[in-house]
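Okay, structure first, notes after.
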Amino acid sequence: MKIKFWGVRGSIPAPLTSLQIQNKIAAAVQRIEKKDLESAETRELFLSKIPRSLFGTVGGNTTCLEIRLSDDTMLIFDAGSGIRELGNELKKRNAHIRHYHIFLSHFHWDHLHGLPFFTPMAERKAKLTFYSPVDRMEEYIKGQMKFPYFPVPMDVMAANFEFVVLKEAPLKIGTAEISWRKMNHPGGCYSYLVMESGKKVIFSTDTALSDEDFKKTRSNFAYFNGANLLVMDSQYTLGEAIEKYDWGHSSYSLAVDFSAAWDIKNLILFHHEPLYGDTKMHSILKSSGWYLNYIEQKGIKIYLAQEQLELTI
């Protein structure tokens, strides 16, 4: 499986401001020494040593994740503003894929508002199949594109649409099996487990982890244990998670504890707080590593979800 991140923010898009870009450039320029400009090689070496928080950005788009199966089937998880970037990339690639499988975790605005701008929506040859365990899924998806919220109703868009209400797991698509599980979030939210060739990837956005998720029950063990990759809501620091205990999100430290409890191989810190800048988020990544060492769990690799990040499992 190939996983690519197109939107990693929570709640609302948070693009860089002009001032933030200027500050990044200024901070990078202030690090330059004469020896760094002597040749193309020294310039490249200088750039390679710039802190990741200055060289680039985590990204400001809301939730969207692409999983490409071994048979080239495309699975898309959530339709935040990042799905627009995915659509643009598909157009550039002149991709041959015409069937898009879109799994929705829930229907809060930040997980749906990019859908009208996904370019395959306007292509006659495209088929978009939406999946959710929520019975009123079709009503909710079409409702956010009705007057007065959007000028073009979904029913007049050129693509072919199908709505599949998930009932019995697992669902087989291409070479993968997909299961789902209701998580703790106001209004409800579903995580998804994708299994292919013995590999497990879990997408769990908008999740306030609770004691129930740590219990060694048969169902928890089957779903969580030994996952090769866990994309986990880690929007807050521990202090903020306690302060906002009923907002439906987890802290990065709780995500680390959860990964340790279930023998997760790779943890992706995800659904970033829109108020956090790049420096703050990279400090959270560093703190996650320190905490992992503190609890003496060395078998987990931790990543910070960033737009364009690609991983192969």
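With the working numbering, the residue at position 260 of the sequence shown is 260, and numbering never jumps.
C-beta atoms are modelled at their ideal positions from N, C-alpha and C, and glycine is treated no differently.
Distance between residue j and residue i (C-alpha atoms, nearest Å)
| i | j | result |
| --- | --- | --- |
| E243 | H96 | 48 Å |
| D206 | E44 | 39 Å |
| P151 | M145 | 7 Å |
| R58 | P13 | Reading off the sequence, residue 58 comes out as Val, not Arg. Going by the C-alpha atoms only, they are around 12 Å apart. |
| V194 | T175 | 10 Å |
| P133 | S39 | 58 Å |
| M232 | T42 | 38 Å |
| Y236 | T279 | 15 Å |
| H111 | N160 | 21 Å |
| H99 | L269 | 29 Å |
| H282 | K49 | 15 Å |
| K301 | Q308 | 19 Å |
| G239 | G277 | 18 Å |
| S210 | L37 | 53 Å |
| Y90 | L19 | Rather than Tyr, the amino acid found at residue 90 in this sequence is Leu. Distance between the alpha carbons of L90 and L19 is about 31 Å. |
| I32 | Q22 | 16 Å |
| E123 | R136 | 25 Å |
| S234 | S288 | 10 Å |
| L203 | F147 | One detail in the question is off: residue 203 reads as Phe in this sequence, not Leu. Roughly 32 Å separates the two Cα atoms. |
| F55 | D155 | 43 Å |
| I311 | D78 | One point to set straight first is that residue 311 is Leu, not Ile, in the sequence displayed. Cα-Cα distance, rounded: 18 Å. |
| G60 | E138 | 28 Å |
| K34 | L16 | 30 Å |
| K92 | F224 | 36 Å |
| K215 | I264 | 15 Å |
Top-ranked residue by Cα proximity to residue i, from the options
| i | options | result |
| --- | --- | --- |
| H113 | C64, L75, H282 and D155 | C64 |
| W180 | N160, M154, H108 and V165 | V165 |
| H104 | R98, I83 and N94 | Looking at the sequence shown, residue 104 is not His but Leu. Ranking R98, I83 and N94 by Cα distance to L104 puts I83 first. |
| Y192 | W290, I67 and W247 | I67 |
| H108 | K34, F161 and T62 | T62 |
| F258 | A227, S283 and W247 | A227 |
| K125 | K167, A158, Y140 and E139 | A158 |
| S219 | A169, I173, S251 and G87 | A169 |
| M1 | S11, E33, D72 and V29 | D72 |
| A27 | K34, F147 and P51 | P51 |
| H106 | S53, G10, G87 and K172 | G10 |
| T184 | D246, Y140 and K172 | Checking the sequence shown, residue 184 turns out to be Asn, not Thr. Nearest of D246, Y140 and K172 to N184, Cα basis: D246. |
Beta-bridge partners of residue i, as assigned by DSSP
| i | result |
| --- | --- |
| I102 | I76 and F130 |
| K301 | N266 |
| T62 | R9 |
| W180 | Y192 |
| T279 | Answer is none; T279 lacks a bridge partner. |
| Y236 | S251 |
| V164 | Y131 |
| R68 | K2 and M74 |
| I202 | L193 and L230 |
| L171 | I178 |
| L311 | I3 |
| H272 | R9 |
Presumed contact (8 Å Cβ cut-off) between residue i and residue j, rounded CB distance
| i | j | result |
| --- | --- | --- |
| M8 | H272 | In the sequence on display, residue 8 carries Val and not Met. Going by Cβ atoms, the distance from V8 to H272 rounds to 6 Å, so yes, they are a contact pair. |
| K199 | I313 | 5 Å |
| L285 | L230 | In fact, because the Cβ distance is near 15 Å, the residues do not count as touching under 8 Å. |
| Y291 | S253 | 5 Å |
| L69 | E196 | 6 Å |
| P116 | L128 | The Cβ separation is near 12 Å, so there is no contact. |
Buried/exposed call for residue i, threshold 16 Cβ in 10 Å
| i | result |
| --- | --- |
| K24 | buried |
| A255 | buried |
| V81 | The residue asked about is misnamed: residue 81 is Ser in this sequence, not Val. Buried, because 16 or more other Cβ atoms sit within 10 Å of the Cβ of S81. |
| A222 | exposed |
| Q306 | buried |
| I178 | buried |
| V201 | buried |
| Y190 | buried |
Proximity test, Cβ basis, 8 Å: residue i and chain C
| i | result |
| --- | --- |
| D257 | Of the protein chains in the structure, only one exists, and it is not chain C. |
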